[in-house]
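Notes follow the structure.
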Amino acid sequence: MAEHAVGRSRGFNPGKVAEGDNYLKHSSGLLSWAFTLDHKRIGVMYLVGVLTAFFGGGLLALGIRGHLMSPTGALFASNDTYNQVFTLHGAIMVFLFIIPSIPAALGNFLVPVMLGAKDVAFPRLNLTSFYLWVIGALFFVGALLGTGLDTGWTFYTPYSTTTQTSVILATMGAFILGFSSIFTGLNFIVTINTMRPPGMTWFKMPLFLWATYSTSIIQVLATPVLGITLLLLIAERTLHIGIFDPEYNGDPVTYQHFFWFYSHPAVYIMILPAFGIISELISVHSHKHIFGYRFIAYSSVAIALLGFLVWGHHMFTSGMSSLTTIIFSALTFTVSIPSAIKVFNWLATLYKGSISLTTPMCYAISFLFLFTIGGLTGLFLGVLSVDLHLHDTYFIVAHFHYVMMGGTMVAFLGGLFHWWPKISGKMFNELWGQVSCLVVFIGFNMTFLPQFVLGSRGMPRRYATYDPEFAFLHQLSSVGAFILGIGLLIAGLVLLHSMFNGRLAPPNPWGGVTLEWQCTSPPPFYNFSRPPVVGDPYDFTGLGWSEQDQNYVFLDPIQSPDEAQTTKPVSQPAHAGGQG
Amino acid sequence: MISGPHLIGDYTNRFWFPESASSFSDQVDSTFMLVLYICIFFMVPITIALAYFSIRYMKKKGEPAESQTSHNTPLEIAWSVLPSFLLVWIFVKGALGYLDQQGAPDGSDAVAVKAFKWGWTMDYGNGVIHPELHLLNEQPTKLTMRSSDVIHSLFIPAFRVKRDIVPGRYNEMWFKPTVASERVSESELEAAWKDAKENNGGVFDREKYQFTEDGYRFHDLYCTEYCGKDHSMMQTVVVVHETREDLNDWIKKYSGRTDQSPAEYGKLLYERRGCASCHSLDGSKRVGPSFAGGFGSEREYVGGGKGIVDESYIRESILEPKSKIVAGYSPVMPSYKGQLSDDDIESIIAYLKTMSK
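Going down the list, the protein sequences come from chains C and L.
Taking this note's numbering, the leading residue of the first sequence gets 783, the next gets one more, and so forth.
Taking this note's numbering, the leading residue of the second sequence gets 8, the next gets one more, and so forth.
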């Protein structure tokens, strides 16, 4: 009985948002944003913040590539400047952009809406997270304006304990950003555990929530270690406590263990939410049930847990014992399996679907291609003898940019285009969106494919100058980077243009069946006027396209809202064991 | 100028790799190619399926999908488990290759390596220290490596070997070179020296000629752990000698002052022993004070006090560099105690005196 009633009543069309209820407009003025507790507004503020950081980090990247147009360095007068530029590029992209991009910006907007809830569990903590992010970012700006930072984003000792640059300012920034990350993770764990609506069991959650939940576990468990490490680093620098600096009987390799114990799991903080987005995008734009829901969900959790056991693979050359090194190599291969499972499942979802090559779908398909390269090239680095040759060369640089940028950044853009109608209430220009995706795809591959060859031919990373035999591949890569920059610029302009000239977005422009498509675009500040009815998040049967409204609607005879209300709710909510 | 790519160090016609010049490199290359074939084995079908599905199943909006299959457990278990066998294969191959590189065989030659910001010294014993790494062909050689400041990493692409050099511990590595370095003709070497004297103030730029000042072709040796400002300049070269006599002749050539004057020898030490990376000859400020006009001048020290730069001050600065730091500089210079003989230090002092005339 329940299935039938659910199947039809979820077709309820929310229509347009009342002008006074629109979350973007129901109150106005700077303070209404600065002190908002609305998760959607906090999400939008995060979005502005991370995009600003991305823009800054991106300009620094173009600086790096511009400099490397010539073997002796084309742009910066001193190697010091180049070192500061690549350090800030890495630190800004990692700490200010990738880590908060999907969970904090899109996650904040989506998690409560996907749960049919009004807000996250702790709205004030949520706002605190955002301001911690801002303060952390200000510390980075301070380091930039002060004496700069030239340690690389990894802050390896003893270089970081002896350099004259603003290490303390930057590590304090990263320390504070860590708390922002921990609070967000904590908030999502509690929200997803306690606020799922009746009927939404764990295995009826959208996969984006599974990914967010797995990410949050890592954020809460791993980030404190980063905090400890950075505090110890500051103590070593100022008080010489003798833990990391050999001059005071410390051991630099200890620092690397501490650092990667956080920073390897952090790699999964960066990529897991992207997996969540791609699961949504592939399924919705193929209008087909996601293939292998349980395998995808479990593989997220498996990655989150296994990710804690492989940090040693960043240190294969640092002189660990042979046994330790071999064990870390073996463990590293175990992480590759869950990622492979996801790729196969997404491909199978496309098979016999009804695919719309919309902008978000184009980005999702790009992601599949780029992430597969990123993942497969990780195999070279897990193989010990080959890693000894490739470690700290451009092969590594290419590999992690394929994962972090081709993976996370492309998924983030796909997600941004996918949920943009919901966030902004406007539709963007589809053709130019697709063009941006194509240019980004071409530019990206042109930038990073040559770097694999550079690396295997022996070009070390973090070099301000290089031997002339590498010049051609470096120049190819630099030209690619500028094409990539143009692609991203187009994407940004498409979104900006839509805000002013875009057509009003219908509630469900892509045909999704998760709950965010059952509220208006943009949602009212209270999200749902009545509790949405929960069903299978990937059951697309009965969904049809209305040319007139440019909207997806359920073709089943629709119950009136009042009738839907009379459907008897289950006596017990899901988290108390109801509707197992 | 470089007249063609064949002159560039380690250049080969192979797409993926530099020259293969050690007993490890073929093993590493074949493992790399194995992994590459496995990647292609996955990548090609995935890409074809991705492109084909995206086009074949493109439909108008609202058209239902042909299938709503939500899972197929046997298929999913198959594609989860079967690739694992390939992973075990490459893991074992990689681990065995790694173990080969651990533990140098008995009877290896030994070279002590010291890395510093931003240069290398290779200690061949008996006080012979030179920035270039010279080896004997087909002879296993063990490097015992230490750093006097931050972490460095020694990487020889042609040998496919790499190991970090961590301050506070000795890290070891070994390899067996399999290709002897060519030696250019005497006339070519003379022409290069003539060019260096006429156009470059007598400084021999080996990157320009692509052979060392003794006329050997070389392999590149890089630092691959970021170590600060001139990390990318922290390069030296590896020369592999055909015979033990040839290697010994080369070592003998650098075993101390022969018929040069102390000042001439001091200049060689300045170039070879790493002084040049921090002390300029033209008065410009690097990590340390310039040598130009230094001797005989008055210097203020960090923390007050001042003194004249005389013979004993220079000697103290070489042996205990952190005792009196010139104002405006950091105490970063490593001690050369035990690494420079009295004659070496005297030669350096004599050379510095010539810089202040």
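Glycine included, C-beta positions come from ideal geometry on N, C-alpha and C.
Given the structure is predicted, the values throughout are model-derived calculations rather than measurements.
| query | In chain order, what residues of the region 51-66 of chain L put their CB closer than 7 Å to some CB of chain C? | reply | For the region 51-66 of chain L, the residues whose beta carbon sits under 7 Å from a beta carbon of chain C are, in order, ILE53, THR54, ALA56, LEU57, PHE60, SER61, TYR64, MET65 and LYS66.
| field | Secondary structure of L/GLN34, DSSP reduced to three states | value | Shown here, L/GLN34 sits in a helix according to DSSP, grouped into three states.
| Taking C/VAL1092 as the reference, which of C/SER1111, C/THR910, C/LEU1236 and C/ALA843 has the closest Cα? | The shortest Cα separation from C/VAL1092 among C/SER1111, C/THR910, C/LEU1236 and C/ALA843 belongs to C/SER1111.
| query | Would the beta-carbon of L/VAL244 fall within 9 Å of that of L/GLU139? | reply | In contact: L/VAL244 and L/GLU139 (Cβ atoms closer than 9 Å).
| Residues within the region 1229-1245 of chain C neighbouring chain L, beta-carbon criterion of under 9 Å | The region 1229-1245 of chain C vs chain L, Cβ under 9 Å: PHE1234, VAL1235, SER1238, ARG1239, GLY1240, MET1241, PRO1242, ARG1243, ARG1244 and TYR1245.
| message | Cβ closer than 8 Å: which chain C residues qualify as neighbours of L/GLY126? | response | None at all; the shortest Cβ gap to chain C is about 15 Å.
| What does DSSP give as the partner residues of L/ILE315 in its beta bridges? | Its beta-bridge partners are L/GLU305.
| said: Would L/TYR177 and L/ARG153 qualify as a contact pair, given that the criterion is a beta-carbon distance under 9 Å? | reply: Yes, the Cβ-Cβ distance between L/TYR177 and L/ARG153 is below 9 Å.
| query | Of all the beta strand (DSSP E) runs that stay within the bounds of the region 1051-1092 of chain C, which reach a length of 3 or more residues? | reply | Here no run is fully enclosed.
| query | In the DSSP assignment, what residue or residues form a beta bridge with L/SER29? | reply | Paired residue(s): L/PRO184.
| task | With DSSP collapsed to three states, give me the class of C/TRP815. | result | Under the three-state reduction of DSSP, C/TRP815 is assigned to helix.
| said: Between L/SER188 and chain C, is any beta-carbon pair separated by less than 9 Å? | reply: So no, L/SER188 is outside the interface.
| Which residues in chain L sit within 9 Å of C/PRO940, going by Cβ to Cβ distance? | Near C/PRO940 (Cβ distances below 9 Å), the residues of chain L are ASP156, VAL157, ILE158, PRO174 and GLY175.
| request: Kindly say whether L/LYS259, judged by its beta-carbon, lies nearer than 9 Å to any beta-carbon of chain C. | output: For L/LYS259, the closest Cβ of chain C is not nearer than 9 Å.
| said: With a threshold of 9 Å between beta-carbons, can L/ASN206 be considered close to chain C, or not? | reply: Judged by the 9 Å Cβ criterion, L/ASN206 is not in contact with chain C.
| said: So if I threshold CB-CB distances at 9 Å, which residues from the region 258-287 of chain L count as touching chain C? | reply: From the region 258-287 of chain L, no residue has a Cβ closer than 9 Å to chain C.
| message | Give me the chain L residues within the contact set of C/ALA835, using Cβ-Cβ distance strictly less than 8 Å, ordered along the chain. | response | Simply none; closest approach about 23 Å.
| request: Would you kindly report the start and end of the unbroken beta strand (DSSP E) that includes L/ARG170? | output: Residues 168-172.
| field | CA-to-CA distance, C/PHE921 to L/LYS313, given in whole angstroms | value | Near 39 Å, if we compare the C-alpha coordinates of C/PHE921 and L/LYS313.
| field | Rounded Cβ spacing between L/SER74 and C/LYS1070 (contact assumed at less than 8 Å) | value | About 7 Å separates the beta carbons of L/SER74 and C/LYS1070, which is inside the 8 Å limit, making them a contact pair.
| query | Hey, would you say the C-beta of C/ILE1051 is under 8 Å away from at least one heavy atom of the ligand GDP? | reply | The model depicted lacks the ligand GDP and carries no ligand whatsoever.
| said: So C/LEU989 and C/GLY1058 are supposed to be a Cβ contact under 8 Å. How far apart are they, rounded? | reply: Right, the Cβ-Cβ distance comes to about 6 Å (below 8 Å), so this counts as a contact.
| said: Could you compute how far the alpha carbon of L/LYS344 sits from the alpha carbon of L/ASP156? | reply: Rounded to whole angstroms, L/LYS344 to L/ASP156 spans 15 Å at the Cα level.
| message | Contact defined as beta carbons within less than 8 Å: I believe C/LEU982 pairs with C/VAL1295. What is the distance between those atoms, to the nearest angstrom? | response | The sequence as given places Met at residue 982 of chain C; Leu does not occur at that position. That belief does not hold up - the Cβ atoms of C/MET982 and C/VAL1295 are roughly 13 Å apart, past 8 Å.
| Members of the region 1105-1126 of chain C that neighbour chain A once the beta carbon cut-off is set at 9 Å | Here chain A cannot be found, since the structure's protein chains are C and L.
| said: According to DSSP, simplified to helix, strand and coil, what is C/TYR864? | reply: It is helical.
| field | Reduced DSSP category for L/ILE163 - H, G, I as helix; E, B as strand; rest coil | value | In the three-state reduction of the DSSP assignment, L/ILE163 falls in the strand class.
| query | Between C/LEU844 and the rest of its own chain, which residues show a CB-CB distance below 8 Å, the 5 nearest in sequence each way excluded? | reply | So the qualifying residues of the chain are ALA1263, PHE1264 and GLY1267.
| task | Run down chain L in chain order and give the residues with a C-beta less than 7 Å from the C-beta of C/PHE1162. | result | By Cβ distance, chain L contributes PHE39 and VAL42.
| field | Length of the line joining the Cα atoms of C/TRP1292 and C/LEU806 | value | The alpha-carbon atoms of C/TRP1292 and C/LEU806 are separated by roughly 22 Å.
| message | Check this for me: beta carbons of C/TYR1245 and L/HIS226, under 9 Å apart or not? | response | Taking a C-beta distance under 9 Å as the contact criterion, C/TYR1245 and L/HIS226 do not qualify as a contact pair.
| query | C/TRP1327 and C/LYS1204: beta carbons closer than 9 Å? | reply | C/TRP1327 places its beta carbon 9 Å or farther from that of C/LYS1204.
| Just curious, the alpha helix (DSSP H) that C/HIS1256 is in, first and last residue? | Taken as a continuous stretch (DSSP letters only), the alpha helix (DSSP H) holding C/HIS1256 covers 1253-1283.
| request: Could you list which residues in chain L have their beta carbon closer than 7 Å to that of C/THR1154, in chain order? | output: Within chain L, the residues near C/THR1154 are MET50 and ILE53.
| Chain-ordered chain L contacts of C/ILE1137 [CB-CB under 8 Å] | At a beta-carbon threshold of 8 Å, the residues of chain L lying near C/ILE1137 are PHE60, SER61, TYR64, MET65 and LYS66, ordered along the chain.
| said: For a contact defined as C-beta to C-beta under 9 Å, what are the partners of C/PHE1073 on chain L? | reply: Chain L residues near C/PHE1073: THR76, SER77, HIS78, ASN79 and GLU83.
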